[in-house]
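First the structure, in the form of structure tokens, and then the observations on it.
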Amino acid sequence: MGAIIGAVLLRRIPLVWLRWMFIALMLLVAVRMVLLEPVRGDQLELSPLVFFGYIALGLIMGIASGLFGIGGGVIAVPALVAIFGISDLVAKGTSLLVLIPTGVVGTIANLRGGLVDLRAGAVVGVAAVAASIPGVALALIMTPRVSSILFAALLVVAAAQLAVKALRAQHKAAGARPSGSTPV
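Heads up: the sequence shown at position 1 corresponds to 2 in the working numbering, and the numbers run straight through without jumps.
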């Protein structure tokens with residue numbers, strides 16, 4: 002349900018807002034990952050509160066998937082570790098499992114809206130599948146602290162790149178307006 006909501010919002014929220022919302026989300030997650038060191042091996046009992054927490058997290062992940070195209074993993078791993086207290090390895094594996102139905106539903110919804118490049122998706126998907134086995138091997142040998150810091154650094158670099166693109170796009174749009182006009 003969240004992926005469908007996110008896909009609908011994608012067509013209604015202005016692009017400039019989407020860019021800055023996504024940049025802010027990545028920076029918040031990066032800060033959280035640096036501040037929190039996951040503990041490996043923690044188990045979580047499934048209580049009614051945890052069950053409803055998982056449902057809420059799934060809805061948020063679905064909205065993020067449909068809205069930002071991130072599959073929800075950027076939200077799932079930090080939330081599963083920080084809020085639910087599970088191991089970073091279990092959080093990563095769970096996030097990958099959740100990615101399958103969320104990605105399929107979000108892709109179908111965005112495909113209907115004409116917002117999918119199937120060729121690019123297939124190429125990136127094949128590369129991701131090929132890289133997943135060495136990625137899992139690295140995750141198993143890395144300490145949780147190193148893994149968190151590397152993930153946070155990746156998010157900061159990606160956010161910086163997106164911020165530069167967003168500023169350039171805004172500058173270009175401002176230069177394209179007739180003189181004397183003001184932005185709405």
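Backbone N, C-alpha and C define an ideal beta-carbon position, used for all residues, glycine too.
Just so it is clear, the structure is predicted and the values come from calculations on it, not from any experiment.
**Message:** Quick check: the Cα distance between residue 96 and residue 57, rounded to an integer number of angstroms?
**Reply:** 14 Å
**Message:** Let's see if you can read the secondary structure: which residues bound the alpha helix (DSSP H) around residue 108?
**Reply:** Start and end: 89-113.
**Item:** Between the CA atoms of residue 142 and residue 133 - distance to the nearest angstrom
**Value:** 15 Å
**Prompt:** What do you reckon, are the CB atoms on residue 164 and residue 24 nearer than 8 Å?
**Reply:** yes
**Asked** Does the distance from the CB of residue 140 to the CB of residue 148 come in under 8 Å?
**Response** yes
**Prompt:** So residue 107 and residue 7 are in contact, right, with Cβ under 8 Å, and what is the actual spacing, rounded?
**Reply:** Rounded, the Cβ-Cβ distance is 7 Å, consistent with contact.
**Item:** Contact check, residue 79 vs residue 30, beta carbons under 8 Å
**Value:** yes
**Request:** Pull up the CB-CB distance for residue 153 and residue 35, whole angstroms please, since I reckon it's below 8 Å.
**Result:** The beta-carbon distance between residue 153 and residue 35, rounded to whole angstroms, is 5 Å. This is short enough to meet the 8 Å contact definition.
**Item:** Rounded separation between residue 89 and residue 4 - CA only
**Value:** 24 Å
**Asked** By how many angstroms is the C-alpha of residue 15 removed from the C-alpha of residue 185?
**Response** With a pLDDT of only 48 at residue 185, under the threshold of 50, the placement of this residue in the model should not be trusted, and no figure is reported.
**Item:** Through-space distance from residue 100 to residue 137, alpha-carbon basis
**Value:** 16 Å
**Prompt:** Would you report the Cα separation of residue 18 and residue 11, rounded to the nearest angstrom?
**Reply:** 10 Å
**residue 98 versus residue 169: straight-line alpha-carbon distance, rounded** = 36 Å
**Message:** Could you compute how far the alpha carbon of residue 20 sits from the alpha carbon of residue 84?
**Reply:** 26 Å
**Asked** Looking at C-alpha atoms only, which residue of 63, 52 and 166 is the closest neighbour of residue 110?
**Response** The residue among 63, 52 and 166 with its C-alpha nearest the C-alpha of residue 110 is 63.
**CA nearest to the CA of residue 40, picked from 91, 135 and 128** = 91
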